[in-house]
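**Q**
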Amino acid sequence: MGVSTLITGIGELVTNDPDLGTRTDAAVVIDDGVIAWVGDAAAAPAADEAFDAQGRAVLPGFVDSHSHLVFAGDRALEFQARMAGESYAAGGIRTTVAATRAATDDRLAAGVARHVAEMHRQGTTTVEIKSGYGLTVDDEARSLRIAREFTDETTFLGAHVVPPEYADDPAAYVALVTGPMLEAAAPYARWIDVFCETGAFDEDQARTILRTGEAAGLKGRLHANQLGEGPGVQLAAELGLTAVDHCTYLTDDDVHALRDAGTVATLLPGVEFSTRHPYPDARRLLDAGVTVALASDCNPGSCYTSSLPFCIALAVREMGMTPGEAVWAATAGGAAALGRTDVGVVAPGKCADLLLLDAPTHVHLAYRPGVPLVARTWSA
Ligand code: NIG
Ligand code: FE
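Note that the UniProt record's numbering has the sequence shown beginning at 1, numbered continuously upward.
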């Protein structure tokens, strides 16, 4: 049996639960990795241990539904050149592919461990990790095997870009991805993803790859409309995907398609920070009734931050979100983007994934950008 803990002295409890709401004078009991009780502190049951939050805010742990942590090397010089006026090109992915292929398993696993620990210190208690820097049968399978050591939310992204050895025959690469590579990757993956963008994979290739992946038991998701308008968002809606990620350049039809399909739009503002593209318009999506998630997209190229507090601050300052909407998007929104109902919410029976802020309310996450406010987490 686990030890139960009563958390009292909570200045503000954000639950994301429609009935429980955001409350003051609340207490929470966690027991064996599960939330056992939530209510007014005055009515709290006894527990084995007590923790006094001393007036600080308690929130659900962040759910980061999009990251690329299995890689070697970095691309600081590429970032430096961008900040001097170069534009972001997806071709930089091939630099990381070369470094990743050359790395040992131990080195790749140590990199994932370091970044997951970094995320955890910043309040992330659930993380999705993609492959996509191997792009051979063995390198994609080992990337996912390594990712699986850290999370069940693993995503096969063999269709990240066409690797150099297939530059003259992209159709043969799609055949590899949907054939032997999928077969080798599927045992370690829950999701399948495609980068549907000019210079990566087109609509027909993406549809083929996602349908084949779904036939192999994986669930589809997409990178789309990152660098310009394109067919990816409407393809995600057509296929009824759980989430489509980036959504930076959207037509009105794209927005309506997302709303009608109930597909989550996962916005990744760290990418726009790091590529100097315009930020996605979260307000437009929210006003249209689209569910919005925020995620880091942590990767060495387009966005090398692991910090959801940073993404929340950007979303509030640059994307028209209120602090409450941004916190919801980085917790319950991330859970929705992963099709999960057991995380991203503080309610009885849910995973005991919580974070304690060194601040009285969630507003401080955007109000005090760049300050390490996460004092601790509880993780199921
Ligand atoms: O989500 N857009 C495609 N893939 C990554 C970038 C990867 C890279 O530049 O290395 C992304 O932004
Ligand atoms: Fe990505």
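Glycine included, each C-beta is placed from N, C-alpha and C at the ideal position.
Looking at residue 298 and residue 269, is the spacing between their C-beta atoms short of 9 Å?
**A** no
**Q** Would DSSP call residue 310 helix, strand or coil?
**A** helix
**Q** Please determine whether the Cβ atom of residue 130 lies at a distance below 8 Å from any heavy atom of ligand 2.
**A** Because some heavy atom of ligand 2 lies under 8 Å away, the Cβ of residue 130 counts as near it: yes.
**Q** Give the list of continuous beta strand (DSSP E) stretches no shorter than 3 residues that lie fully inside the stretch 327 to 360.
**A** 354 to 357
**Q** Have a look at 219, 57, 142 and 242 and flag the residue whose alpha-carbon is nearest the alpha-carbon of residue 259.
**A** 242
**Q** Rounded to the nearest angstrom, what separates residue 46 and residue 6 at their Cα positions?
**A** One C-alpha to the other measures close to 7 Å.
**Q** Buried or exposed, going by whether 16 or more other CB atoms sit within 10 Å of the CB of residue 163?
**A** buried
**Q** Near residue 408, which residues of its chain fall below 6 Å by C-beta distance, leaving aside the five closest residues on each side in sequence?
**A** Residue 408 lies beyond the stretch modelled for the chain, which goes from 1 to 380, so this question has no answer here.
**Q** Per DSSP, which residues does residue 376 bridge with? Please list them.
**A** In the DSSP output, where bridge partners are listed per residue, residue 376 has 356.
**Q** If you draw a straight line from the C-alpha of residue 55 to the C-alpha of residue 104, how long is it?
**A** Distance between the alpha carbons of residue 55 and residue 104: 46 Å.
**Q** Within 8 Å, do at least three Cβ pairs link the stretch 107 to 119 to the stretch 311 to 330?
**A** no
**Q** Near residue 71, what residues of its chain come up, given a Cβ to Cβ distance below 6 Å and the 5 sequence neighbours on each side ignored?
**A** 96, 100, 133 and 300
**Q** Given residue 433, which residues of its chain have a CB within under 8 Å of its CB, disregarding the five upstream and five downstream residues?
**A** Limits of the chain in this structure are 1 at one end and 380 at the other, which puts residue 433 out of reach.
**Q** Tell me the rounded alpha-carbon separation between residue 278 and residue 236.
**A** 22 Å
**Q** Does the separation of the CB atoms of residue 64 and residue 126 fall below 9 Å?
**A** With a cutoff of 9 Å on beta-carbon distance, residue 64 and residue 126 are scored as near each other.
**Q** What does the alpha-carbon distance come out to for the pair residue 40 and residue 347?
**A** 13 Å
**Q** Can you tell me where the beta strand (DSSP E) holding residue 62 begins and where it ends?
**A** Taken as a continuous stretch (DSSP letters only), the beta strand (DSSP E) holding residue 62 covers 62 to 64.
**Q** At a cut-off of 8 Å, would you count residue 277 as near ligand 2, judging by its Cβ distance to the nearest heavy atom?
**A** no
**Q** Secondary structure at residue 158, three-state DSSP: helix, strand or coil?
**A** strand
**Q** Quick check: does the Cβ of residue 225 come within less than 8 Å of any heavy atom belonging to ligand 1?
**A** No; taking the cut-off as 8 Å, the Cβ of residue 225 has no heavy atom of ligand 1 nearer than that.
**Q** So, helix, strand or coil for residue 200, using DSSP?
**A** coil
**Q** Who are residue 33's beta bridge partners in DSSP?
**A** Paired residues: none, contrary to the question.
**Q** Residue 319 and residue 281: beta carbons closer than 9 Å?
**A** yes
**Q** Report whether the distance from the Cβ of residue 301 to the nearest heavy atom of ligand 1 is below 8 Å.
**A** yes
**Q** Starting from the C-beta of residue 69, find all residues in its chain whose C-beta is less than 6 Å away, skip the five residues before and the five after it, and write them out in chain order.
**A** 112, 115 and 129
**Q** With 16 as the cutoff for other CB atoms within 10 Å, does residue 124 come out buried or exposed?
**A** Classification for residue 124: buried.
**Q** Less than 9 Å between the C-beta atoms of residue 275 and residue 88, yes or no?
**A** yes
**Q** Is residue 271 near ligand 1, going by C-beta to nearest heavy atom under 8 Å?
**A** yes
**Q** Just to check, is the beta-carbon of residue 49 closer than 8 Å to a non-hydrogen atom of ligand 1?
**A** Residue 49 has its Cβ no nearer than 8 Å to any heavy atom of ligand 1.
**Q** Can you confirm whether residue 153, when its beta carbon is compared against all beta carbons of chain C, has any partner nearer than 9 Å?
**A** Any reference to chain C falls outside this structure, which holds one protein chain only.
**Q** Look at the alpha carbon of residue 198 and the alpha carbon of residue 331, and state the distance between them as a whole number of angstroms.
**A** 31 Å
**Q** What are the residues that DSSP puts in a beta bridge with residue 298?
**A** 67
**Q** Can you give me the start and stop residues for the beta strand (DSSP E) that residue 223 sits inside?
**A** Start and end: 219 to 224.
**Q** So, does the stretch 195 to 214 touch the stretch 151 to 165, judging by three or more C-beta pairs under 8 Å?
**A** yes
**Q** Taking the straight line between their C-alpha atoms, what separation do you get for residue 182 and residue 176?
**A** Answer to the nearest angstrom: the Cα atoms are 8 Å apart.
**Q** Could you pull the DSSP bridge partners for residue 51 from this structure?
**A** 7
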